[in-house]
Amino acid sequence: METTPARRYKCAVVGNGAIGKTCLVKAMTGNAAANLREYMPTGRCEVHTTTITIGETQSTIEFWDTPGLEYEHFKGLPNYIDVEEELAKAYVLADVVILCFSIADPQSLRDVKDKVLLLNIDTLKLDLQGTVQWCSDLQRHRPGTPIVLVGTKMHLRDNPRMREELGISQVPTNFEEGRKMAQDVGAVVYLECSAKTGEGVTDIWDAVVRALG
Ligand SMILES: Nc1nc2c(ncn2[C@@H]2O[C@H](COP(=O)(O)OP(=O)(O)OP(=O)(O)O)[C@@H](O)[C@H]2O)c(=O)[nH]1
Ligand SMILES: [Mg+2]
Numbered sequence: 049m050e051t052t053p054a055r056r057y058k059c060a061v062v063g064n065g066a067i068g069k070t071c072l073v074k075a076m077t078g079n080a081a082a083n084l085r086e087y088m089p090t091g092r093c094e095v096h097t098t099t100i101t102i103g104e105t106q107s108t109i110e111f112w113d114t115p116g117l118e119y120e121h122f123k124g125l126p127n128y129i130d131v132e133e134e135l136a137k138a139y140v141l142a143d144v145v146i147l148c149f150s151i152a153d154p155q156s157l158r159d160v161k162d163k164v165l166l167l168n169i170d171t172l173k174l175d176l177q178g179t180v181q182w183c184s185d186l187q188r189h190r191p192g193t194p195i196v197l198v199g200t201k202m203h204l205r206d207n208p209r210m211r212e213e214l215g216i217s218q219v220p221t222n223f224e225e226g227r228k229m230a231q232d233v234g235a236v237v238y239l240e241c242s243a244k245t246g247e248g249v250t251d252i253w254d255a256v257v258r259a260l261g
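The opening position of the sequence shown corresponds to residue 49 in our numbering, with each subsequent residue numbered one higher.
1) Quick check: the stretch 147-163 against the stretch 64-72, are there 3 or more CB pairs under 8 Å?
2) Distance check for residue 99 and residue 239, CA to CA, integer angstroms please.
3) Skipping 5 residues on each side, what residues in its chain have a beta carbon closer than 6 Å to that of residue 164?
4) Just mark residue 54 as buried or exposed, buried being the case when its beta carbon has 16 or more other beta carbons within 10 Å.
5) Going straight from the alpha carbon of residue 101 to that of residue 216, what length do you get?
6) Going by beta-carbon coordinates alone, are residue 112 and residue 95 separated by less than 8 Å?
7) Quick one: is the Cβ of residue 203 within less than 7 Å of any heavy atom of ligand 1?
8) For the beta strand (DSSP E) holding residue 199, just list the boundary residues, first then last.
9) Which residue marks the beginning of the beta strand (DSSP E) containing residue 150, and which one marks its end?
10) Classify residue 162: buried if its beta carbon has 16 or more other beta carbons within 10 angstroms, exposed otherwise.
11) Examine the Cβ distances between the stretch 238-255 and the stretch 202-217 and report whether three or more of them are shorter than 8 Å.
12) Taking residue 243 as part of the beta strand (DSSP E), name the residues at either end of that continuous run.
13) Using DSSP's beta-bridge definition, name the partner residues of residue 94.
14) Can you find a heavy atom of ligand 2 that lies under 7 Å from the Cβ of residue 89?
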């Protein structure tokens, strides 16, 4: 019987800061205990590698966990990180993108469109030294990278303390708003999860496998 050779896939995980990207990646790669730690913003892209079964073939998948915080105001300081450049590294040659927002942070849903804009500008290319160059033709090479839109921290939706923190002018994102955003940005699916309880994490795996298959 003919067997398909194993492949190496790349999955970029992007979205605003502090919305739970790193916790989700850790939950997906079997390191859920790490979710109990204090918040530590991700600096540069972190790559977590694990195996994935597509059909009958076991392949490798790299999750590119990106920084979400805007470091604009640190420009010029030694630890300055150009977030757009880090995102560009993650996007380049991504086979699938997990685009996250937090259900408990309505602004992070609004910002989803900016991240998609950056993905779709598709003007990113790494030169031989690995630094990012902006060029105009990546879209032609990698059109339509599938996006899985994920609302994180779903268990906080009905949490009274969180609702208090949001104040009266804001409410947590509901399922329909997430689904509508998925439609607006051309995502293949909208899913919700909680890295804390583990709810929904398997469905994200399944969606990633379907997007790659
Ligand atoms: N209650 C709750 N907290 C969560 C959940 N997922 C993540 N957190 C918390 O949210 C904070 C931010 O989580 P991270 O995964 O580090 O967020 P991030 O999006 O990777 O942030 P950056 O690296 O700065 O972009 C941490 O304190 C986590 O413990 C969740 O499902 N529920
Ligand atoms: Mg992080």
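The beta-carbon is built from N, C-alpha and C at its ideal position, and this holds for glycine as well. It should be emphasised that the depicted structure is a prediction, and the values quoted were computed from it without experimental measurement.
On the basis of the supplied data:
1) yes
2) 22 Å
3) 233
4) exposed
5) 46 Å
6) yes
7) yes
8) 195-200
9) 144-150
10) exposed
11) yes
12) No beta strand (DSSP E) contains residue 243, which DSSP labels as neither H nor E.
13) 113
14) yes
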